[in-house]
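In the UniProt record's numbering, the protein residues as written are 1 to 235.
Since the structure comes first, as structure tokens, the remarks are kept for the end.
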């Protein structure tokens, strides 16, 4: 990772970990922060490695990939600007549970464990933000487990598209564009299905005019139709 110039206080205040902090608290946060630029496909950390720092994303996007004993892998989630990642193990076993890989050139912010704990002691709102974010992600994880066990592949793909649109969607004249670059392989792993099924499903939706794919950018023309597909309505 290459070092980068300091990030603005406004940008730091927009991070979920430091939301609602008073302006005077953001300077100590920045003073304790390390900023790095990572290139596309760079591994930020690896599953099983020891954890010593907390991470947040200032720009770009990151995929969190968990490998299994059988050699298979699954995308646990994508990280968009403003979100934290790799932080939970600081409070558990101090081992990363998954790989973090840059989807595109990205700016990563980190704090050492002692620095983060000191900031939490000085500004309890940080701990509250952390608890809130972890609660939301736990709820999402439970929902995904339910989907993987009870939903059809097409429903899971539709729900994956909706999640990514909610996380990083940008509304424009052509529809809602998912800002995270998305390979078919990524969509398949995120939805818990095969590459063939994901490719066939997206192609059918493109033909029906529900969305379009240009390179690794997905633009949704009819969010309501995708939502109905996620709910199992095939009409």
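Heads up, the beta-carbon is just placed ideally off N, CA and C, and yes, glycines get one too.
Annotation: the continuous alpha helix (DSSP H) that includes residue 202 extends over 195-207.
DSSP places residue 39 outside any alpha helix (DSSP H), giving it a letter other than H or E. A residue is called buried once 16 or more other Cβ atoms fall within 10 Å of its Cβ, and residue 29 is buried on that count. Counting only the Cα atoms, residue 117 lies some 13 Å from residue 128. If only uninterrupted beta strand (DSSP E) runs of at least 3 residues are considered, those enclosed by the stretch 55-119 are 62-67, 73-79, 99-102, 106-112. Of the residues assessed, residue 231 falls on the exposed side of the cut-off, its CB having fewer than 16 other CB atoms within 10 angstroms. The Cβ atoms of residue 125 and residue 21 sit closer than 7 Å to each other. About 10 Å separates the CB atoms of residue 81 and residue 109; that is not less than 8 Å, and the two are not in contact.
Inter-residue distance for residue 182 and residue 32 is about 33 Å (C-alpha atoms, whole angstroms).
When DSSP states are grouped into helix, strand and coil, residue 171 belongs to the strand group. Beta-bridge pairing by DSSP links residue 220 to 176, 211.
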